[in-house]
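Numbering (the working numbering), first residue to last: 162 to 426. One structure is given below, encoded as C-alpha cells.
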C-alpha cells in the first residue's frame, strides 16, 4: 500500500490526465454512438466476427472467404468484443480507446525514463494525446493502434527478450511486415554506434544475435502460412497487400474492379 501511495504521488499528474482523457472520450463514444465509417471499420470488425463464427483463426474472413491481406489477431480482438452486451459500434471503439490509453502510458514510461520529471513527461503525452491524428485513430476501429502499441512496447521493454518479442508479435499481427520496423531501426542504430566506436564488435555481435533470434521467432507465422497456403499467401499477403495496395482499391481485392462504375451506371 505504501508503494502504491508513493507511485501515485510521483505520477499524479499523468494518472489524473490519463484518467480524465479516458473518461471524456469514453463518454463521447458511449453517449454518441455512430455507424461504422468508411470501408475499414466494418471490414475489420466483420472479419473478426466471421473468424469466430467459422472457427477459423489464421486470417480474417469476409463474406465467407479468407481475407489474406491482414494478419488475424487485431480483427479477432475486435470480433471478440462484439459479444459484449453493448452495440458493436461502442465495444469495438472502446477497445481502440483502451489500446490508445495503453500507448500513452507506455510513451509516458519512455519519456519519464529520459527526463526523470513527471510533469515534463505528462506535457509530452498531452501533446501526443491531442494530436489530431492520434485523437482520431483512438476513437475508430483501426489496426494502427495495435501496431503502435507493439512498437512502443518493444522500446520500453527492450531489455526483456520475452516481453519485447510479444509486443513485436502484436505489431506484426496488426500490420504484418510493418511490425518488423523496430528491429530494422535497432539494427541500423547498433551498426551506427559500432562505426562511431561507441560499442565493441563483441557487443555488436551480441545485439545482432538477439535481433536475429527475435526475427526468426516472429517469422514462424509467415513460414507456417507459406506451407499451408503457398503461392496464394505469397501473392495476396506479401505482393498485393504490401507492394500493390497503393494502386488498387478495396474492391479490387475481391475481384470487383468496376464497383464504382457499376454503381454509377
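Note that CB positions come from ideal geometry on N, CA and C, so glycine has one too. All figures in this text were calculated on a predicted structure; none of them were measured in a lab.
What residue ranges within the stretch 368-405 form continuous alpha helix (DSSP H) runs of no fewer than 4 residues, ordered along the chain? The qualifying runs are 381-390.
DSSP state of residue 227, grouped into three classes? Of the three classes helix, strand and coil, the one that applies to residue 227 here is strand, per DSSP.
Does residue 414 pass the burial test, meaning 16 or more other C-beta atoms within 10 Å, or should it be called exposed? The predicted model places residue 414 with a pLDDT of 46, which falls under 50 and marks its position as unreliable, so this point remains unresolved.
Give every residue of the same chain whose Cβ lies closer than 7 Å to the Cβ of residue 305, excluding the five residues on either side of it in the sequence, and list them in chain order. Beyond the five residues adjoining it in sequence on each side, residue 305 comes within less than 7 Å, by CB distance, of 298 in the same chain, given in chain order.
What's the gap between the Cα of residue 198 and the Cα of residue 206? Taking the straight line joining both Cα atoms gives about 12 Å.
Could you spell out where the alpha helix (DSSP H) holding residue 246 opens and where it closes? For residue 246, no alpha helix (DSSP H) encloses it, and the DSSP letter there is neither H nor E.
Within 10 angstroms of the Cβ of residue 261, are there 16 or more other Cβ atoms? Answer buried if so, exposed if not. With 16 or more Cβ atoms within 10 Å of its Cβ, residue 261 is classed as buried.
Where does residue 426 land, buried or exposed, given buried means 16+ other C-beta within 10 angstroms? In this predicted model, residue 426 has a pLDDT of only 43, less than 50, meaning its place in the structure is not dependable; the value taken from the coordinates is given anyway. Residue 426 should be labelled exposed.
Nearest-angstrom Cα distance between residue 273 and residue 281? For residue 273 and residue 281, the distance between alpha carbons rounds to 8 Å.
Since residue 312 and residue 293 are thought to touch, with beta carbons under 8 Å apart, how far apart are those beta carbons, to the nearest angstrom? In fact, because the Cβ distance is near 20 Å, the residues do not count as touching under 8 Å.
Does the CB of residue 256 have a neighbour CB from chain B at under 9 Å? Annotation note: the requested chain B is absent from the structure, which comprises a single protein chain.
From the DSSP secondary-structure annotation, give me the bridge partner or partners of residue 212. None, per the DSSP bridge assignment.
So the alpha helix (DSSP H) residue 353 belongs to, where does it begin and stop? Annotation: the continuous alpha helix (DSSP H) that includes residue 353 extends over 342-356.
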